[in-house]
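See structure below.
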Amino acid sequence: MAFWKKKKQDSTAHQPAQIAPSVTGPNPSTSNLNEIVLQSIHEGVAFIGQDGNVRLANPSAVRLLGRGLDEILGLNYDSVFDFFDKTGQRIEPDRNPIAIALRTGKYAEARDLELLARDSRKVTPISILLSPTPPVDGQSSLVVTFRDIAKELEEEKARSEFISTASHEMRTPVASIEGYLGLALNPSTASIDERARAYLDKAHESSQHLGRLFQDLLDSTKLDDGQIQPKPKAVEVVSLVKSIADEQAGAIAQKGLSYQFGSGSDESQLTGGRHISQVIYASLDVDFMREILNNLIENAIKYTPAGAIGVNVSADDMNVRITVSDTGIGIPREETEHIFQKFYRIDNRDTREIGGTGLGLYLVKERTEAMNGRVWVESTVGQGSKFILLFPRMSEKDYQQRHFAEQNTAMQNAGL
Ligand code: ADP
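Each residue of the sequence shown is one higher than the one before, starting from 0 at the first, in numbering that gives the first Met the number 0.
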């Protein structure tokens, strides 16, 4: 019997033991080939039935789980897969991704889990793929694929440390180049002829672009490896968003665009609709919010040749909704899910001339999700885009309590 599959109690048909000899023959059957593949791959593969019990586990799964096959087969997944999160906390049964995939019947992946191998008591970081099989009687069974990613994570860490050090080191000389070019271009500190001014203008622009790229790279590596963590505070969202957005009013006007801020229903934002003011509370990191909104508004300015930019805050009982809308070039439908990826830029006739790093929206997404939020875009090519941020809303009572506690802590820290 192939040791990764429990022998059927009631039937001898299709037993691996009978199939195994032909594996080495000239023309192995499809089921033999399946078995060879399952036995040889480095990934752990397990099949979980509709009842949640493990029906099959390949040798790699057995190795990663650190138990004998007989200790796995027929047992409920919950007592086989012992998951921990990054902080070393055991994952509660209702947060177990296998339970979620079995319940929802949806494909899922996770890269932030650790799995306990019972024999060595060792906890290994794993990457896990959960592929529900087509449902039978409305219930789905599940194929679980998992592998050890300790080496991958180490390599990623080394790569991100390199990028972080390199961008940090390069930011300083670039800032100095930008500063000196600024001095050369300033009529009160230097006199240059018009030709030189045109050249230096281009050099100044490029040095600013480079400075932005290094800063974005530094931020993205720091966010990726958890060096920057949000410090959420209880805030009133309308006034916070308004104060950040209003700072960009000058840049918006400089491009010849109009600017509107509103709170309440945002659907009529750019057509001058009526707004109902609300007082909205949430737990947010103010610096993260500044970065997110500045990024979205800078993009709105960049990608809007003429028209208007609007920022709006509204809420229902559960969520706070912040939108940044423009009447710009828009985003093709097939690109909307890619633009939040690292270094992704849309390359077409409209965008080619516009500079950028392709990191801005990645950073927006990382920062938003770090505050338990979501971000997405709705857009029509040629008509404009609306970026939507959604955060959990905080009740006024919770706000008062949190705000009071935060003020007390701040006073204690200040020794008052
Ligand atoms: P970039 O530095 O290129 O602006 P981002 O990550 O901020 O990088 O944005 C990714 C891409 O998404 C951009 O290259 C652009 O094509 C598109 N994009 C972002 N914001 C807008 C917008 N408001 N209108 C149209 N296209 C946009």
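Backbone N, C-alpha and C fix where the C-beta goes; we use that ideal spot for every residue, glycine too. Quick caveat, the model's predicted, so the values are computed rather than measured.
Chain-order list of residues whose beta-carbon lies under 6 Å from that of Lys254 (same chain, five-residue window excluded):
Along the sequence shown, one-based indexing puts residue 254 at 255. Within the same chain, Lys254 has close Cβ partners Ile300.
Does at least one heavy atom of the ligand ADP sit under 7 Å from the Cβ of Thr379?
The residue you call residue 379 lines up with position 380 of the sequence shown. Not so, every heavy atom of the ligand ADP lies at least 7 Å from the Cβ.
Secondary structure of Asp69, DSSP reduced to three states
Stepping through the sequence shown from its first residue, residue 69 is reached at position 70. If DSSP states are grouped into helix, strand and coil, Asp69 belongs with the helices.
Answer with buried or exposed for Leu269, where buried requires no fewer than 16 other C-beta atoms within 10 angstroms of its C-beta.
The residue given as residue 269 occupies position 270 in the sequence shown. Note that Leu269 scores a pLDDT of 44, beneath 50, so its modelled location is shaky and nothing firm can be said.
Taking the alpha-carbon positions, what's the Met410 to Phe403 distance?
The count along the sequence shown starts at 1 and reaches residue 410 at position 411. The count along the sequence shown starts at 1 and reaches residue 403 at position 404. Their backbone Cα atoms lie some 11 Å apart in a straight line.
Contacts around Arg373, its chain only, beta-carbon distance under 7 Å, and the 5 residues preceding and following it disregarded
Reading the sequence shown from its first residue, position 374 is the one you call residue 373. Taken in chain order, the residues that qualify are Thr367, Leu389.
In the DSSP assignment, find the alpha helix (DSSP H) that holds Tyr361 and state where it starts and stops.
If you number the sequence shown from 1, residue 361 lands on position 362. Unbroken alpha helix (DSSP H) run through Tyr361: 359-369.
Return the bridge partner residues of Thr123 from the DSSP annotation.
Indexing the sequence shown from 1 puts residue 123 at position 124. In the DSSP output, where bridge partners are listed per residue, Thr123 has Leu114.
Neighbourhood of Lys396 by C-beta, 7 Å cutoff - its chain only, sequence neighbours within 5 removed
Here residue 396 is taken as the residue at index 397 of the sequence shown, counted from 1. Excluding residues within five positions, none has a Cβ falling inside 7 Å.
What's the gap between the Cα of Leu32 and the Cα of Gln38?
Translated into the one-based positions of the sequence shown, residue 32 becomes position 33. Translated into the one-based positions of the sequence shown, residue 38 becomes position 39. If I take the Cα positions, the gap works out to 10 Å.
Could you compute how far the alpha carbon of Gln400 sits from the alpha carbon of Pro231?
Mapped onto the sequence shown, residue 400 falls at position 401. Mapped onto the sequence shown, residue 231 falls at position 232. Rounded to whole angstroms, Gln400 to Pro231 spans 14 Å at the Cα level.
What's the C-alpha gap between Met0 and Glu34?
The residue labelled residue 0 in the question sits at position 1 within the sequence shown. The residue labelled residue 34 in the question sits at position 35 within the sequence shown. The pLDDT assigned to Met0 is 43, lower than 50, so where the model puts this residue is not dependable; a value taken from the coordinates is nonetheless given after this. Using only the alpha carbons, I get a separation of about 12 Å.
Spatial neighbours of Val319 within its chain, please: CB distance less than 6 Å, with the 5 preceding and 5 following residues excluded, ordered by chain position.
One-based indexing of the sequence shown puts residue 319 at position 320. Excluding sequence neighbours, Val319 sits near Val236, Ile279, Ala281, Phe390, Arg392.
6 Å CB neighbourhood of Thr144 in its chain, flanking five on each side removed:
Position 145 of the sequence shown, counted from the first residue, corresponds to residue 144. Hits under 6 Å: Glu42, Val44, Leu128.
Between the beta-carbon of Glu369 and the beta-carbon of Phe287, is there less than 8 Å?
Position 370 of the sequence shown holds residue 369. Position 288 of the sequence shown holds residue 287. For clarity, residue 369 is Ala in the given sequence; the question names Glu instead. Cβ atoms of Ala369 and Phe287: closer than 8 Å.
Quick check: Thr322 and Ile387, are their CB atoms within less than 8 Å of each other?
Along the sequence shown, one-based indexing puts residue 322 at 323. Along the sequence shown, one-based indexing puts residue 387 at 388. Yes, the pair counts as a contact, with Cβ atoms nearer than the cut-off.
Using only the alpha-carbon positions, how far apart do Gly414 and Gln406 sit?
Taking the sequence shown and counting its residues from 1, the one referred to as residue 414 is at position 415. Taking the sequence shown and counting its residues from 1, the one referred to as residue 406 is at position 407. Between Gly414 and Gln406, the C-alpha separation is close to 12 Å.
Leu362 and Leu212 - do their beta-carbons sit closer together than 8 Å?
The residue you call residue 212 lines up with position 213 of the sequence shown. The residue you call residue 362 lines up with position 363 of the sequence shown. Going by C-beta atoms, Leu212 is not nearer than 8 Å to Leu362.
Need the endpoints of the beta strand (DSSP E) that Val319 sits in, please.
Along the sequence shown, one-based indexing puts residue 319 at 320. Residues 318-325.
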